[in-house]
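S.K.:
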Amino acid sequence: MRKQGAPECIIVAALVCSFIFVSGSEKAWTQGPVKDMRGQTFTDPSKTFPMPDDWIKQPIKYDKENEGADVVIMMDQDIYHTLLPSVQQFAKEKNLKIIMIEGTCGIAAGMLAKKTADMGGFCCPAGAEDRLPGLRFHTIGIVAKAFFVNPDNPVDNISETQLRDIYLGKLNRWSELKTQEGQKGPDRAIKPIGRLHCPLRPGHWRLLLDDKTKFGPGVSEVGSIPDMIAQVASIKDAIGWEVMTMAERNRKLGTVKPLKVNGYRPNDSGALALLKYPFYRTYQVTTWEGKGVENQNAAQLVQYLIKEFEKLDPDKYGFVSQGRLRKAGWRFSGDELTGEPK
């Protein structure tokens with residue numbers, strides 16, 4: 006219900022935990038590795054995860070603390086911070102009370118499964134069990150996933166194959182790589198760090214290696230973005246990954262240096278659009294279709310966000326908007342990105 010008086014957009018911080026709503030086996034999400042150990046990129050948008058009839062008939066009902074809102078959104082922390090200013094502006098222009106909660110992809114999936122949110126926000130493509138009856142996915146764009154090292158590391162470029170070999174445990178010393186001057190890197194052991202979030206969804210880190218079992222025993226796993234940034238910044242021979250927006254947001258924890266991959270910087274949006282830079286996350290939001298679940302304000306907000314994302318500086322952090330993806334030959338089903346260019 007639309008509220009009277011001053012426009013309001015309420016932003017609520019939720020605990021950033023690793024809750025994942027799962028009602029089936031991991032096999033329901035994956036289709037096996039593809040060549041070069043690169044994992045599945047997207048799931049089939051024509052398939053819907055089965056739910057009981059009483060769930061399908063269930064309307065959206067907000068949690069008590071969110072009652073009175075015009076739109077309730079749960080977004081993964083990554084996409085949350087990128088889209089927050091646009092959501093606030095939309096709320097102001099439309100005089101709406103929007104409650105936008107920061108969390109994880111798993112928390113977003115959980116609220117959607119409980120039908121307590123109008124919209125979810127994900128940093129990953131939809132998994133098979135995310136495709137609930139009546140739920141529609143809309144791709145805002147993609148963002149480069151950068152690989153970072155300590156600023157004192159003289160290595161500044163790495164190939165896709167070398168990255169894969171590091172995390173497989175086949176490439177173990179920086180001296181096996183070259184510096185910008187063509188010299189060998191330091192003769193020290195590489196200390197790879199991974200954050201293996203959303204393992205049941207395609208894309209993201211699975212573009213490097215398809216599943217957790219393929220990572221070598223020398224890989225240290227962290228559970229949060231701040232931990233990733235802090236460890237790479239403080240460990241002399243570490244390598245890890247994150248999007249550049251979150252490295253910037255957590256810069257108080259330490260400075261990290263992004264590597265070129267295949268000779269391309271992660272903020273080179275043109276290289277990312279053509280997949281010359283091969284690692285990325287997919288920014289997705291959802292809406293509902295059907296009686297008792299549709300929210301026209303949410304539907305309008307999605308289109309607003311797609312347009313506003315076009316206005317961001319693409320080469321500051323490595324953003325590629327939906328429009329640029331379409332021009333570069335990426336495949337879509339409606340608003341949802343469903344395939345890389347052939």
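Residue numbering for the sequence shown follows my numbering, starting at 6 and increasing by one per position. C-beta: ideal position from N, C-alpha, C; glycine also.
Taking the C-alpha atoms as reference points, what is the distance between R270 and I65?
M.R.: Taking the first residue of the sequence shown as position 1, residue 270 is located at position 265. Taking the first residue of the sequence shown as position 1, residue 65 is located at position 60. Between R270 and I65, the C-alpha separation is close to 43 Å.
S.K.: Starting from M80, trace the beta strand (DSSP E) both ways and give me its first and last residue.
M.R.: In the sequence shown, counting from the first residue as 1, residue 80 sits at position 75. Start and end: V76 to D81.
S.K.: Quick one: Cα of G37 to Cα of M249, how far?
M.R.: Numbered from its first residue, the sequence shown carries residue 37 at position 32. Numbered from its first residue, the sequence shown carries residue 249 at position 244. Below a pLDDT of 50, predicted positions are generally treated as unreliable, and G37, at 36, falls in that range; the measurement from the model is reported next regardless. Using only the alpha carbons, I get a separation of about 29 Å.
S.K.: Measure the CB-CB distance between P130 and P207 and report whether it falls below 8 Å.
M.R.: Working through the sequence shown from its first residue, we reach residue 130 at position 125. Working through the sequence shown from its first residue, we reach residue 207 at position 202. Yes; because the gap between Cβ atoms is below 8 Å, this pair is in contact.
S.K.: Do you know how far the Cα of M251 is from the Cα of G139?
M.R.: Numbered from its first residue, the sequence shown carries residue 139 at position 134. Numbered from its first residue, the sequence shown carries residue 251 at position 246. The alpha-carbon atoms of G139 and M251 are separated by roughly 32 Å.
S.K.: Can you list, in chain order, the residues of its chain whose CB lies under 8 Å from that of D340, leaving out five sequence neighbours each side?
M.R.: Start at 1 with the first residue of the sequence shown, and residue 340 comes out as number 335. So the qualifying residues of the chain are R141, F142, H143, T144, V307, I311 and Q327.
S.K.: With three or more C-beta pairs closer than 8 Å as the rule, is the region 151–169 touching the region 250–266?
M.R.: With a cut-off of 8 Å, the region 151–169 and the region 250–266 count as touching, because enough Cβ pairs lie within range.
S.K.: Determine which residues share a DSSP beta bridge with I244 and list them.
M.R.: Numbered from 1 along the sequence shown, position 239 holds the residue referred to as residue 244. I244 pairs with V154 and P197.
S.K.: DSSP three-state call for P90: helix, strand or coil?
M.R.: Position 85 of the sequence shown, counting from 1, holds the residue named residue 90. In this structure, P90 counts as helix in the three-state DSSP scheme.
S.K.: Run through DSSP, which three-state label would E165 get?
M.R.: Start at 1 with the first residue of the sequence shown, and residue 165 comes out as number 160. DSSP places E165 in helix when its eight states are reduced to three.
S.K.: Is the separation between the beta-carbon of V160 and that of R200 shorter than 8 Å?
M.R.: Position 155 of the sequence shown, counted from the start, is the residue given in the question as residue 160. Position 195 of the sequence shown, counted from the start, is the residue given in the question as residue 200. In this structure, R200 does not lie closer than 8 Å to V160 by Cβ.
S.K.: Assuming K69 is part of the alpha helix (DSSP H), what are its boundary residues?
M.R.: Taking the first residue of the sequence shown as 1, we reach residue 69 at position 64. Where K69 is concerned, there is no enclosing alpha helix (DSSP H), given that its DSSP letter is neither H nor E.
S.K.: Please go through the same chain and pick out, in chain order, the residues whose beta-carbon is closer than 6 Å to the beta-carbon of V77, but skip the five residues on each side of it.
M.R.: The residue you call residue 77 lines up with position 72 of the sequence shown. Contacts found: Y67, N71, I104, A122 and D123.
S.K.: Can you give me the Cβ contacts of S180 inside the same chain, cut-off strictly under 7 Å, excluding the 5 residues immediately before and after it?
M.R.: Your numbering for residue 180 matches position 175 in the sequence shown. The answer, listed in chain order, is K189, G190, P191 and D192.
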